[in-house]
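Note that our numbering has the sequence shown beginning at 2, numbered continuously upward.
Glycine included, every Cβ here is placed at the ideal spot set by N, Cα and C.
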Amino acid sequence: EVQLKKYDDAEKSFDKLIKTHPSYYNGYLSRSQFWLEKKDTLKAIEDIDKAISLDKHLSYAYAQRAIIKFQYTKDYQDALADMNEALRLDPNMSSYYINRALIKYHLDDLRGTMADYDRVVEIDPNNLMAHYNRGLLRAQVGEKNKAIEIAKSLINLGLDKESIAKSTGLDLCEVEKLMN
2 EVQLKKYDDA
12 EKSFDKLIKT
22 HPSYYNGYLS
32 RSQFWLEKKD
42 TLKAIEDIDK
52 AISLDKHLSY
62 AYAQRAIIKF
72 QYTKDYQDAL
82 ADMNEALRLD
92 PNMSSYYINR
102 ALIKYHLDDL
112 RGTMADYDRV
122 VEIDPNNLMA
132 HYNRGLLRAQ
142 VGEKNKAIEI
152 AKSLINLGLD
162 KESIAKSTGL
172 DLCEVEKLMN
(Lines of atoms letter the chains of each structure in order from A and count residues from 1; the text may use other names and numbers.)
(Lines give C-alpha, C1' and ligand atoms only; values in the text may rest on other atoms or scores of the structure.)
Protein backbone atom coordinates (compact mmCIF):
# COMPACT_ATOMS: atom_id res chain seq x y z
CA GLU A 1 0.00 0.00 0.00
CA VAL A 2 2.87 2.38 0.77
CA GLN A 3 4.55 1.58 -2.55
CA LEU A 4 1.27 2.26 -4.31
CA LYS A 5 1.04 5.62 -2.48
CA LYS A 6 -2.19 4.54 -0.77
CA TYR A 7 -1.12 6.28 2.40
CA ASP A 8 -4.47 6.32 4.18
CA ASP A 9 -4.90 2.57 3.65
CA ALA A 10 -1.30 1.92 4.67
CA GLU A 11 -1.64 3.95 7.84
CA LYS A 12 -4.78 2.04 8.81
CA SER A 13 -3.03 -1.26 8.13
CA PHE A 14 -0.07 -0.30 10.29
CA ASP A 15 -2.36 0.92 13.08
CA LYS A 16 -4.28 -2.36 12.98
CA LEU A 17 -1.07 -4.41 12.98
CA ILE A 18 0.37 -2.54 15.94
CA LYS A 19 -2.91 -2.59 17.87
CA THR A 20 -3.20 -6.35 17.33
CA HIS A 21 0.51 -7.04 18.01
CA PRO A 22 1.86 -4.23 20.22
CA SER A 23 5.07 -6.16 20.99
CA TYR A 24 5.94 -6.82 17.35
CA TYR A 25 8.96 -4.57 16.86
CA ASN A 26 9.03 -5.09 13.08
CA GLY A 27 5.61 -3.44 12.87
CA TYR A 28 7.11 -0.28 14.34
CA LEU A 29 10.19 -0.47 12.13
CA SER A 30 8.04 -0.93 9.03
CA ARG A 31 5.81 1.94 10.02
CA SER A 32 8.90 4.11 10.57
CA GLN A 33 9.72 3.62 6.88
CA PHE A 34 6.16 4.64 6.06
CA TRP A 35 6.60 7.84 8.09
CA LEU A 36 9.84 8.57 6.26
CA GLU A 37 8.03 8.12 2.95
CA LYS A 38 5.58 10.75 4.18
CA LYS A 39 8.50 12.98 5.30
CA ASP A 40 7.54 12.76 8.99
CA THR A 41 10.88 12.13 10.67
CA LEU A 42 9.56 12.74 14.19
CA LYS A 43 7.04 9.92 13.91
CA ALA A 44 9.64 7.72 12.24
CA ILE A 45 12.02 8.21 15.17
CA GLU A 46 9.20 7.57 17.66
CA ASP A 47 8.49 4.22 16.03
CA ILE A 48 12.18 3.29 15.94
CA ASP A 49 12.44 4.27 19.62
CA LYS A 50 9.49 1.97 20.37
CA ALA A 51 11.06 -0.92 18.42
CA ILE A 52 14.33 -0.46 20.34
CA SER A 53 12.44 -0.39 23.64
CA LEU A 54 10.98 -3.79 22.68
CA ASP A 55 14.33 -5.26 21.62
CA LYS A 56 17.57 -3.43 22.41
CA HIS A 57 19.60 -5.77 20.15
CA LEU A 58 18.33 -4.45 16.80
CA SER A 59 21.47 -3.09 15.20
CA TYR A 60 19.60 -1.96 12.08
CA ALA A 61 17.16 0.06 14.22
CA TYR A 62 20.02 2.01 15.76
CA ALA A 63 21.59 2.43 12.32
CA GLN A 64 18.32 3.67 10.81
CA ARG A 65 17.80 6.14 13.63
CA ALA A 66 21.39 7.35 13.20
CA ILE A 67 20.81 7.97 9.50
CA ILE A 68 17.65 9.96 10.21
CA LYS A 69 19.44 12.06 12.82
CA PHE A 70 22.35 12.58 10.45
CA GLN A 71 20.37 13.43 7.31
CA TYR A 72 17.32 15.21 8.62
CA THR A 73 18.02 16.69 12.05
CA LYS A 74 21.80 17.19 11.64
CA ASP A 75 22.24 15.90 15.20
CA TYR A 76 25.65 14.43 14.50
CA GLN A 77 26.57 13.54 18.09
CA ASP A 78 23.39 11.53 18.64
CA ALA A 79 23.75 9.99 15.19
CA LEU A 80 27.28 8.92 16.09
CA ALA A 81 26.11 7.39 19.39
CA ASP A 82 23.44 5.38 17.58
CA MET A 83 25.84 4.21 14.86
CA ASN A 84 28.37 3.23 17.54
CA GLU A 85 25.67 1.11 19.18
CA ALA A 86 24.75 -0.47 15.83
CA LEU A 87 28.41 -1.39 15.35
CA ARG A 88 28.71 -2.73 18.89
CA LEU A 89 25.81 -5.07 18.10
CA ASP A 90 27.00 -5.96 14.59
CA PRO A 91 30.73 -5.17 14.25
CA ASN A 92 31.14 -6.62 10.76
CA MET A 93 28.49 -4.61 8.94
CA SER A 94 30.48 -2.57 6.42
CA SER A 95 27.60 -0.20 5.63
CA TYR A 96 27.52 0.89 9.27
CA TYR A 97 31.20 1.85 9.09
CA ILE A 98 30.63 3.83 5.89
CA ASN A 99 27.75 5.70 7.49
CA ARG A 100 29.72 6.31 10.67
CA ALA A 101 32.61 7.63 8.57
CA LEU A 102 30.25 10.17 6.99
CA ILE A 103 29.05 11.24 10.43
CA LYS A 104 32.62 11.54 11.71
CA TYR A 105 33.56 13.56 8.64
CA HIS A 106 30.84 16.08 9.50
CA LEU A 107 32.21 16.21 13.03
CA ASP A 108 35.69 17.01 11.59
CA ASP A 109 37.08 13.73 12.89
CA LEU A 110 39.17 12.96 9.80
CA ARG A 111 41.30 10.31 11.50
CA GLY A 112 38.18 8.53 12.69
CA THR A 113 36.69 8.84 9.22
CA MET A 114 39.76 7.24 7.66
CA ALA A 115 39.83 4.50 10.30
CA ASP A 116 36.25 3.56 9.43
CA TYR A 117 36.99 3.46 5.69
CA ASP A 118 40.07 1.35 6.43
CA ARG A 119 37.89 -1.06 8.45
CA VAL A 120 35.45 -1.40 5.55
CA VAL A 121 38.34 -2.32 3.24
CA GLU A 122 39.44 -4.96 5.78
CA ILE A 123 35.93 -6.43 5.92
CA ASP A 124 35.13 -6.04 2.23
CA PRO A 125 38.27 -5.49 0.09
CA ASN A 126 36.16 -4.90 -3.04
CA ASN A 127 34.02 -2.15 -1.54
CA LEU A 128 34.36 0.54 -4.18
CA MET A 129 32.70 3.25 -2.07
CA ALA A 130 35.21 2.81 0.76
CA HIS A 131 38.18 2.90 -1.62
CA TYR A 132 36.77 5.91 -3.44
CA ASN A 133 36.00 7.88 -0.26
CA ARG A 134 39.41 7.01 1.22
CA GLY A 135 41.02 8.41 -1.91
CA LEU A 136 39.03 11.62 -1.66
CA LEU A 137 39.96 12.01 1.98
CA ARG A 138 43.65 11.32 1.32
CA ALA A 139 43.62 13.95 -1.42
CA GLN A 140 41.89 16.42 0.91
CA VAL A 141 44.53 16.06 3.61
CA GLY A 142 47.42 16.05 1.14
CA GLU A 143 48.67 12.49 1.59
CA LYS A 144 49.84 11.87 -1.97
CA ASN A 145 51.66 8.58 -1.30
CA LYS A 146 48.55 7.11 0.31
CA ALA A 147 46.46 8.48 -2.57
CA ILE A 148 48.71 6.58 -4.99
CA GLU A 149 48.17 3.36 -2.99
CA ILE A 150 44.44 3.90 -3.15
CA ALA A 151 44.62 4.66 -6.87
CA LYS A 152 46.31 1.28 -7.38
CA SER A 153 43.49 -0.40 -5.46
CA LEU A 154 40.91 1.39 -7.58
CA ILE A 155 42.72 0.30 -10.75
CA ASN A 156 42.54 -3.30 -9.54
CA LEU A 157 38.80 -2.85 -8.97
CA GLY A 158 38.40 -1.73 -12.58
CA LEU A 159 37.55 1.93 -12.07
CA ASP A 160 38.18 4.25 -15.03
CA LYS A 161 41.11 6.68 -14.98
CA GLU A 162 38.94 9.82 -14.77
CA SER A 163 37.12 8.55 -11.69
CA ILE A 164 40.40 7.48 -10.09
CA ALA A 165 41.91 10.90 -10.72
CA LYS A 166 38.87 12.62 -9.28
CA SER A 167 38.75 10.41 -6.18
CA THR A 168 42.45 10.61 -5.34
CA GLY A 169 43.41 14.13 -6.36
CA LEU A 170 46.02 12.74 -8.77
CA ASP A 171 46.19 14.16 -12.28
CA LEU A 172 45.31 11.99 -15.28
CA CYS A 173 48.95 11.58 -16.34
CA GLU A 174 49.85 10.14 -12.92
CA VAL A 175 46.91 7.74 -13.08
CA GLU A 176 47.82 6.66 -16.61
CA LYS A 177 51.39 5.90 -15.48
CA LEU A 178 50.02 3.75 -12.67
CA MET A 179 47.76 1.90 -15.09
CA ASN A 180 50.68 0.95 -17.40
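Item	Value
Helix, strand or coil at S60 [DSSP, three-state]	helix
G28 burial status per 10 Å Cβ neighbour count (16 or more: buried)	buried
R139 burial status per 10 Å Cβ neighbour count (16 or more: buried)	buried
Boundaries (first-last residue) of the alpha helix (DSSP H) holding N85	77-90
Proximity below 8 angstroms, CB of Y98 to CB of R120	yes
L43, buried or exposed, once every other Cβ within 10 Å from all chains shown has been counted against 16	exposed
Sufficient close CB pairs (3 or more, under 8 angstroms) joining the region 83-103 to the region 130-138	yes
Any alpha helix (DSSP H) of 4 or more consecutive residues that is wholly inside the region 7-47	8-21, 26-38
Contacting residues, own chain, Cβ-Cβ under 6 angstroms from L18 (five flanking each side not counted)	G28
Coarse secondary structure for M115, derived from DSSP in three states	helix
Distance between D10 and D16 (C-alpha atoms, nearest Å)	10 angstroms
Straight-line gap, I46 to I69 (C-alpha atoms, nearest Å)	8 angstroms
Cβ neighbour criterion (16 or more within 10 Å) applied to T74	exposed
Straight-line Cα distance separating R89 from A166	35 angstroms
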